[in-house]
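Only one structure is covered here, and it is reproduced in the block below.
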Amino acid sequence: GENVEQHPSTLSVQEGDSAVIKCTYSDSASNYFPWYKQELGKRPQLIIDIRSNVGEKKDQRIAVTLNKTAKHFSLHITETQPEDSAVYFCLRGYGNKLVFGAGTILRVKS
Amino acid sequence: NAGVTQTPKFQVLKTGQSMTLQCAQDMNHEYMSWYRQDPGMGLRLIHYSVGAGITDQGEVPNGYNVSRSTTEDFPLRLLSAAPSQTSVYFCASTRAKDTEAFFGQGTRLTVV
Numbered sequence: 011g012e013n014v015e016q017h018p019s020t021l022s023v024q025e026g027d028s029a030v031i032k033c034t035y036s037d038s039a040s041n042y043f044p045w046y047k048q049e050l051g052k053r054p055q056l057i058i059d060i061r062s063n064v065g066e067k068k069d070q071r072i073a074v075t076l077n078k079t080a081k082h083f084s085l086h087i088t089e090t091q092p093e094d095s096a097v098y099f100c101l102r103g104y105g106n107k108l109v110f111g112a113g114t115i116l117r118v119k120s
Numbered sequence: 062n063a064g065v066t067q068t069p070k071f072q073v074l075k076t077g078q079s080m081t082l083q084c085a086q087d088m089n090h091e092y093m094s095w096y097r098q099d100p101g102m103g104l105r106l107i108h109y110s111v112g113a114g115i116t117d118q119g120e121v122p123n124g125y126n127v128s129r130s131t132t133e134d135f136p137l138r139l140l141s142a143a144p145s146q147t148s149v150y151f152c153a154s155t156r157a158k159d160t161e162a163f164f165g166q167g168t169r170l171t172v173v
């Protein structure tokens, strides 16, 4: 079926620490693994994505890793800053449907 | 390019009223979707379309209709509004499968 499990649902970290959010998915033909960030009152926006021909992708302080065998992919944020506080969503494609994970509320305490 | 434009930004309806949420994109994207986001929750797929004349149901389609007469527009119709439809609605478009999704600014709907 079309299942995307995202954990944790909330995450509080101290400024400067790292944060990791994980998505586990059921079988899907999609080779595309994106992460979206939604700030309070704003629309979701893509922050990083990866395709299945690579295992990891980095963009400054954020990275995405992929484990196709275990069917999960993770978002890593290093040296967290207050502006990283937001809701983060993973997304999977099932046929023509785009199904979001339930979201992770990240709070960065300064 | 304006991207994805949703109107209105805010709307209050009485129970039983009908209305249409508008969504338009100027990027010539084939794929368009409607989501609802309840407080503290994720985005749930209502309906989606893979091109003009083609629509299909998502996870929570009951109480909503859609049509796609042109590539640019994908309106969402609430047939008879209910308080359970109070939510923030987002329209999104993608150029093709497995590409970045672009979202409209959202419509905050309250049904009283």
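Sequence lines, in order, name chains A and B.
Okay, so the first sequence: first residue is 11 according to this note's numbering, each after it adds one.
Okay, so the second sequence: first residue is 62 according to this note's numbering, each after it adds one.
Just so you know, even glycine gets a beta-carbon here, dropped at the ideal spot from N, CA and C.
Hey, does Ala112 (chain A) have any beta-carbon neighbour from chain B nearer than 9 Å? yes
Take His90 (chain B) as the anchor and find which of B:Ile107, B:Thr131, B:Gln118 and B:Lys75 has the nearest alpha-carbon. B:Thr131
Drop a sphere of 10 angstroms on the beta-carbon of Ile60 (chain A), count the other beta-carbons inside from all chains shown, and report buried for 16 or more, exposed for fewer. buried
Just grab the DSSP bridge partners of Met102 (chain B) for me. BP columns for Met102 (chain B) are empty, so no partner.
The segment 30 to 49 of chain A in contact with the segment 63 to 72 of chain B per 3-pair CB rule at 8 Å: no
One or two residues paired with Phe43 (chain A) in a DSSP bridge: A:Ile60
Under a Cβ-count criterion, where at least 16 other Cβ atoms within 10 Å of its own Cβ denotes burial, should Asp99 (chain B) be classed as buried or exposed? exposed
Of the residues B:Pro136, B:Phe163 and B:Arg169, which one's Cα is nearest the Cα of Asn62 (chain B)? B:Phe163
Burial state of Leu148 (chain B), where buried means 16 or more other Cβ atoms lie within 10 Å: Reading off the sequence shown, one finds Ser at residue 148 (chain B), where the question assumed Leu. Buried, since its Cβ has 16 or more Cβ neighbours within 10 Å.
When we look at the beta-carbon of Pro92 (chain A) and count the other beta-carbons within 10 Å, is it buried (16 or more) or exposed? exposed
Is there a Cβ from chain B that is less than 9 Å from the Cβ of Pro54 (chain A)? yes
Secondary structure of Gln146 (chain B), DSSP reduced to three states: helix
In angstroms with no decimal places, state the Cα-to-Cα distance between Gly112 (chain B) and Ser120 (chain A). 46 Å
So with Cβ pairs under 9 Å, would you call Leu101 (chain A) a contact of chain B? yes
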